[in-house]
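All remarks here apply to the structure that follows.
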Amino acid sequence: MNGFRLGSSAKRRRVTILDTGQRYMCGEDQHLLKGMTTLGKRGIPSGCHGGGCGVCKVRILGPKSNYRTLSMSRAHITEEEESEGIVLACRTYPLGEIELKVLGKIRKNVLKPGRGYVFGKPIPTTRDKTDEEREKI
Amino acid sequence: MSVLRIGHINLRVLDMDEALNHYENVLGMSRTHEDDDGNVYLKAWDEWDKYSVILSKSYKAGMNHIAYKVRSDEDLDTYKQKITDYGIEVEELPEGTMPAVGRLLKFNLPSGHEMRLYAEKEFVGTAVGSTNPDPWPDGLNGAGVHWLDHALLMCELNPEEGINKVAESTNFMIDVLGFYLVEQVVVGPDGDIQAATWLSCTNTPHDIAFVGGPVQGLHHCAFFLDSWDDVLKAADVMSKKRVKIDVTPQRHGITRGYTIYFFDPSGNRNETFGGLGYLAQPDRPVTTWTEDQLGAGIFYHTRELVESFTSVYT
Numbered sequence: 001m002n003g004f005r006l007g008s009s010a011k012r013r014r015v016t017i018l019d020t021g022q023r024y025m026c027g028e029d030q031h032l033l034k035g036m037t038t039l040g041k042r043g044i045p046s047g048c049h050g051g052g053c054g055v056c057k058v059r060i061l062g063p064k065s066n067y068r069t070l071s072m073s074r075a076h077i078t079e080e081e082e083s084e085g086i087v088l089a090c091r092t093y094p095l096g097e098i099e100l101k102v103l104g105k106i107r108k109n110v111l112k113p114g115r116g117y118v119f120g121k122p123i124p125t126t127r128d129k130t131d132e133e134r135e136k137i
Numbered sequence: 001m002s003v004l005r006i007g008h009i010n011l012r013v014l015d016m017d018e019a020l021n022h023y024e025n026v027l028g029m030s031r032t033h034e035d036d037d038g039n040v041y042l043k044a045w046d047e048w049d050k051y052s053v054i055l056s057k058s059y060k061a062g063m064n065h066i067a068y069k070v071r072s073d074e075d076l077d078t079y080k081q082k083i084t085d086y087g088i089e090v091e092e093l094p095e096g097t098m099p100a101v102g103r104l105l106k107f108n109l110p111s112g113h114e115m116r117l118y119a120e121k122e123f124v125g126t127a128v129g130s131t132n133p134d135p136w137p138d139g140l141n142g143a144g145v146h147w148l149d150h151a152l153l154m155c156e157l158n159p160e161e162g163i164n165k166v167a168e169s170t171n172f173m174i175d176v177l178g179f180y181l182v183e184q185v186v187v188g189p190d191g192d193i194q195a196a197t198w199l200s201c202t203n204t205p206h207d208i209a210f211v212g213g214p215v216q217g218l219h220h221c222a223f224f225l226d227s228w229d230d231v232l233k234a235a236d237v238m239s240k241k242r243v244k245i246d247v248t249p250q251r252h253g254i255t256r257g258y259t260i261y262f263f264d265p266s267g268n269r270n271e272t273f274g275g276l277g278y279l280a281q282p283d284r285p286v287t288t289w290t291e292d293q294l295g296a297g298i299f300y301h302t303r304e305l306v307e308s309f310t311s312v313y314t
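Protein chains in written order, with this note's numbering: chain A, 1 to 137; chain B, 1 to 314.
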């Protein structure tokens, strides 16, 4: 079980969301998204928490020894991306200090702005940042 | 000739052990079969056919196919002809293709989702039996869901490019499979774009639903509970077991059902759907929800849509 438990003896690690500068402490027994939402923090889009929907896609900077991951949908994280430190926050557990950039966005890849509907809502015309724009952060 | 009800859903999961823990201990289903490829088959206690959920290990989450049971074997021949005449290719899978099931028809809805029809599935009986039964069995795990109730499929909707797979799939279900429209959402400047539909082949408000989105997928599959109390208890079970809840207990405007939305460990959205809503009938006037009141249609109390609920699916 991945949930936060009062009195957990797991070591707590610092996580920094570089896009916003938001910082929080995440136990080694919590995934990065659970650690964030449990504390009421924001920054990484929160979806299914099961590695299936792909909205919490992030790039982790620094060595792979600083985190471990569980299985993630290959529809959202390719093997190549995984090798570059791109992961789903809901399937990633900290083993050291984590610095990350947010890549996933609820509309990423699938919504063409201003065209069509999702759940009866017009898809907004405001455009999300492109990956290139994100890289500059 | 008729479609009886939803028969089963084949879900893709990333980790079989995690998935089984969820479907057995959170929903309270029972394992009834495992095939040589490692697919696991489960049923809920109040179902009498061998299985309603098939879990298949995969590299990505989502739905492989959804199946409906028809009344008789001869119906399959009739439906095969009707579907073919509609311009959709049908493949017949001989008995033995799937365990405990007779021959199947396999085809894609206009939305692209794979659907199967069958007439025979091995009878195993409910957990309380059919002779002088108790109302519920002892030893239920978790929420103790009664049966697989319905699924909501996301269909491509982009009116600017003339794409409305919601309307196309809805028409197919009505014209070919004999379902009837119960509720709908209409959007657009003229209020004439069918953006979501709820269809029935029984007397429940929906046996399948279609909602528009950018790409096809599975929005959720739902499992039946009796009452609001059962829904509350199911939410308690989910918190105890650290299940990711998307939307806590609430009433739907559409269908009037009592709901919880939550995710299985692979990110496939589940629902526990409480209450029968109302007695749906083929001649009941279609309920229509307009774009400005859609929030209340989906979540009657808050009257607001939830970002993850509308945008996240597998």
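Glycine included, every Cβ here is placed at the ideal spot set by N, Cα and C.
Listed along chain B, no residue sits closer than 8 Å to A:Cys26 by beta-carbon distance, the nearest being about 16 Å off. Chain order gives no chain A residues near B:Phe223, where near means a beta carbon separation below 9 Å; the closest approach is about 17 Å. Secondary structure of B:Cys155 (DSSP, three-state): strand. Listed in chain order, the non-local C-beta contacts of B:Tyr41 below 6 Å within the same chain comprise Thr32, His33, Tyr51 and Ile54, local neighbours out to five positions each way being set aside. The C-alpha of B:His146 is placed about 7 Å away from the C-alpha of B:Phe223.
Here the alpha carbons of B:Gly129 and B:Glu122 stand approximately 15 Å from one another. Around the CB of B:Trp45, 16 or more other CB atoms lie within 10 Å, so the residue is classed as buried. Annotation: the continuous alpha helix (DSSP H) that includes B:Thr84 extends over Asp73 to Asp85. For B:Ile88, the CB contacts under 6 Å within the same chain, skipping 5 residues up- and downstream, are Phe107 in chain order. In this chain, B:Asp17 is not harboured by any beta strand (DSSP E); it is covered by the alpha helix (DSSP H) spanning Met16 to Asn21. B:Cys201 places its beta carbon less than 8 Å from that of B:Gly178. In this structure, the alpha-carbon of A:Tyr117 lies about 20 Å from that of A:Pro45. Inter-residue distance for A:Gly85 and A:Leu18 is about 15 Å (C-alpha atoms, whole angstroms). Interface annotation, B:Asn268: in contact with chain A, CB-CB separation under 8 Å. Shown here for A:Ser8: same chain residues with a beta carbon closer than 7 Å to its own, the five before and five after excluded, namely Gly27 and Asp29 in chain order. Under the three-state reduction of DSSP, B:Gln184 is assigned to strand. One alpha carbon belongs to B:Leu181, the other to B:Asp36, and they sit about 40 Å apart. One finds Val118, Phe119 and Lys121 in chain A with Cβ atoms closer than 7 Å to the Cβ of B:Thr310, taken in chain order.
Excluding five sequence positions before and after A:Val55, the CB atoms of its chain that fall closer than 6 Å to its own CB belong to Pro45, Gly47, Gly104 and Ile106, given in chain order. Taking B:Gly274 as reference, the option from B:Ile245, B:Ala143, B:Leu199 and B:Val243 with the minimal CA-CA separation is B:Ala143. Comparing alpha-carbon positions, the option among B:Leu14, B:Val185 and B:Ile174 lying closest to B:Lys82 turns out to be B:Ile174. Boundaries cannot be given for B:Met1, as no alpha helix (DSSP H) includes it and DSSP labels it neither H nor E. At a cut-off of 8 Å, the C-beta of A:Gly40 has no neighbouring C-beta in chain B. Closest in alpha carbon position to A:Lys34, among B:Thr97, B:Gly295, B:Phe309 and B:Arg242, is B:Arg242.
Check the Cα spacing between B:Gly217 and each of B:Asp226, B:Met1, B:Tyr23 and B:Pro110: the tightest is with B:Pro110.
Between B:Trp198 and B:Gly212, the alpha-carbon positions lie close to 12 Å from each other. Taking 8 Å as the cut-off, the beta carbon of A:Leu100 is found no closer than this to the beta carbon of A:Leu39. The beta strand (DSSP E) runs of length 3 or more contained entirely in the stretch 156-232 of chain B are, from start to end of the chain, 180-187, 193-200, 208-213 and 217-225. The residues Met1, Ser2, Val3, Leu4, Leu76, Tyr79, Leu117, Tyr118 and Ala119, in chain order, have a CB closer than 8 Å to that of B:Val70 in the same chain once the five nearest residues on each side in sequence are set aside. Rounded to the nearest angstrom, the Cβ distance from B:Tyr278 to B:Arg251 is 13 Å, too far for a contact under 8 Å. Shown here, A:Lys34 sits in a helix according to DSSP, grouped into three states.
Short of 7 Å from the beta carbon of B:Val101, and not among the five residues preceding or following it, lie these beta carbons of its own chain, in chain order: Tyr118, Glu120 and Lys121. At a cut-off of 8 Å, the C-beta of A:Arg68 has no neighbouring C-beta in chain B. A distance below 8 Å separates the beta carbons of B:Thr290 and B:Val186.
A Cβ of chain A is located within less than 8 Å of the beta carbon of B:Leu305.
Boundaries of the alpha helix (DSSP H) around B:Phe309: Glu307 to Ser311.
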